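Here our numbering = 1-based position in the sequence shown + 12.
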Amino acid sequence: MSRQQFGFLAGFLAVAVWALAGVGVAALAVLAGLLGWLVVRVLDGDLAVTGLGDRRADARRRR
């Protein structure tokens, strides 16, 4: 499946959930999907979360 086909399917399913269950449920479904995507990226090692704590600590020191 290409990225364009996947994007179409994801958009279609989001609108279908929106039409059938309402805006709130559709928003929660999209947020759950994004959270799942982030978890998989972290587990695969594509996204490093170790630097996030360092960035936050540096921001506090600058103030």
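Think of the CB as a built atom: it goes at the ideal place given N, C-alpha and C, for glycine as much as any other residue.
Here the structure is a predicted model, which is why all the values come from computation and not from measurement.
The Cβ atoms of ALA26 and ALA44 lie no closer than 8 Å to each other. A straight line joining the alpha-carbon of SER14 with that of THR62 spans about 31 Å.
The alpha-carbon separation between GLY34 and ALA41 amounts to approximately 11 Å. If you check the CB distance, LEU59 and ARG53 come in under 8 Å.
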